[in-house]
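What follows is a short report on a single structure.
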Amino acid sequence: MHESVQHYYGKLLQKTSDLKTSACCDPTSLPAWLKPLLARVSPEVLARYYGCGLVAPLLLDGCRVLDLGCGTGRDCYVLAQLVGAQGQVLGVDMTAEQLAVAKAHLDEHAERFGYANVAFRQGYIEDLAALGLADASFDVIVSNCVINLSPDKDSVLREAYRLLKPGGELYFSDVYADRRLDPALREDEVLYGECLGGALYWNDFEHLARRHGFADPRLVEDRPLSIDDPQLADKLGEARFFSATYRLFKLDGLEPACEDYGQAVIYRGSIPGAASAFVLDKHHHIETGRVFPVCGNTWRMLKDSRFAEHFVFIGDFSRHFGIFQGCGKALPFDQRSAPGTPASCC
Ligand SMILES: C[S@@+](CC[C@H](N)C(=O)[O-])C[C@H]1O[C@@H](n2cnc3c(N)ncnc32)[C@H](O)[C@@H]1O
14 MHESVQHYYG KLLQKTSDLK TSACCDPTSL PAWLKPLLAR VSPEVLARYY GCGLVAPLLL
74 DGCRVLDLGC GTGRDCYVLA QLVGAQGQVL GVDMTAEQLA VAKAHLDEHA ERFGYANVAF
134 RQGYIEDLAA LGLADASFDV IVSNCVINLS PDKDSVLREA YRLLKPGGEL YFSDVYADRR
194 LDPALREDEV LYGECLGGAL YWNDFEHLAR RHGFADPRLV EDRPLSIDDP QLADKLGEAR
254 FFSATYRLFK LDGLEPACED YGQAVIYRGS IPGAASAFVL DKHHHIETGR VFPVCGNTWR
314 MLKDSRFAEH FVFIGDFSRH FGIFQGCGKA LPFDQRSAPG TPASCC
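If you read the sequence shown in our numbering, its first letter stands for residue 14, the second for the next number, and so on.
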């Protein structure tokens, strides 16, 4: 599988427009703050962008960031500007041709930014120990349309968890299916290379993430993908595909469900680029200055991570009030007894 993907990205594709579906490119409008950063990235790098989402979480200044499957380095060169001179970005990819383009532009970007904080290494994202990358050595790991291409997604998640510092996060975009796909689709080089054949059923992905220690996967944004090529669409049948960005925090103490301890946070409005509100995920748009009730897991994602100083925290874990309402799970028991039923069994 690795060889087939290397052939696809190293030999067959030369530019973004060679892709046959909208799976590996990102037609969503970019946020205004990102445009000047992208404008400083080399046109040759931009022309070979094959990502499917935006992997630029807030508050990266000074962070050490790893990009899994960096390709020609578009995201690395954007992230380099976000982490700044005190931060570092490492891009890893297995395809020599992709990395050759990325590396050819290192000096040019360092000169433009005024600092050299990017490096690229050739390797497999399933085995980052082979590159000597140490446990708990990255603040943030990103990836853009890559994990679907891995034949061993367990190892990718295991390695990401190992490499993150406590409180760090894997923030990544990828392609998901609405169902488990026929394994035969994985044998089709084009479907696989186009990030469809290897896509996980979204719920299997969420279970996989939990199994590897990321107890509460948070969906940040998503969009449906259109398969416009009739031959590809025919092979895929009724399956539907989505590009989605998840953030997975490495945090001790996250619980399997959102539990209510009566806690709340107030966002100070102090994160650069987020003056009026902070968006943690699709369900948490936290307006500046407002008392915002949170479950225990959201509390920990804000309190035990790089975001802590930007929030006021109200409450603690001393009293439990049951399941947090509106987080997908609810009390499973009927709350009123049927008429004529004795109040108790004893
Ligand atoms: C769809 S492209 C995305 C590239 C880049 N993230 C971007 O946004 O342009 C997928 C990239 O992942 C790399 N890749 C796929 N599987 C990999 C693996 N198991 N280990 C390392 N790199 C991998 C490919 O070589 C290719 O460059």
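Think of the CB as a built atom: it goes at the ideal place given N, C-alpha and C, for glycine as much as any other residue. In this text the structure is predicted, and so the values were computed from the model without any measurement.
In the DSSP annotation of this structure, Asn-157 is not part of any alpha helix (DSSP H); the continuous beta strand (DSSP E) holding it starts and ends at 151-157.
For His-297, the uninterrupted beta strand (DSSP E) segment begins and ends at 297-300. With a contact defined as Cβ atoms closer than 8 Å, Cys-89 and Val-131 qualify at about 5 Å. DSSP places Pro-237 inside the beta strand (DSSP E), whose first and last residues are 231-237. Leu-146 is a Cβ neighbour of Leu-176, given a cutoff of 7 Å. Gln-27 and Ala-113 have their C-alpha atoms roughly 13 Å apart. Sequence-distant partners of Phe-218 (beyond 5 residues in either direction) whose C-beta falls short of 7 Å from its own C-beta, in its chain, are Tyr-189. Assignment of Glu-207 by DSSP, reduced to helix, strand and coil, places it in the coil class.
Taking the Cβ of Asp-106 as the reference point, at least one heavy atom of ligand 1 falls within a distance shorter than 6 Å. Distances between the C-beta of Ser-163 and the heavy atoms of ligand 1 include at least one below 6 Å. No heavy atom of ligand 1 is found nearer than 6 Å to the CB of Gly-100.
In the DSSP assignment, Glu-182 falls within the unbroken beta strand (DSSP E) covering 177-190.
The beta carbon of Gln-338 sits no closer than 6 Å to any heavy atom of ligand 1. Spanning the alpha carbons of Glu-172 and Phe-346 requires a straight line of approximately 40 Å.
With a threshold of 6 Å, the Cβ atom of Cys-308 does not count as near ligand 1, since no heavy atom of the ligand is closer than that. When the alpha-carbon of Phe-185 is set against those of Cys-208, Val-155, Lys-166, the nearest one is in Val-155.
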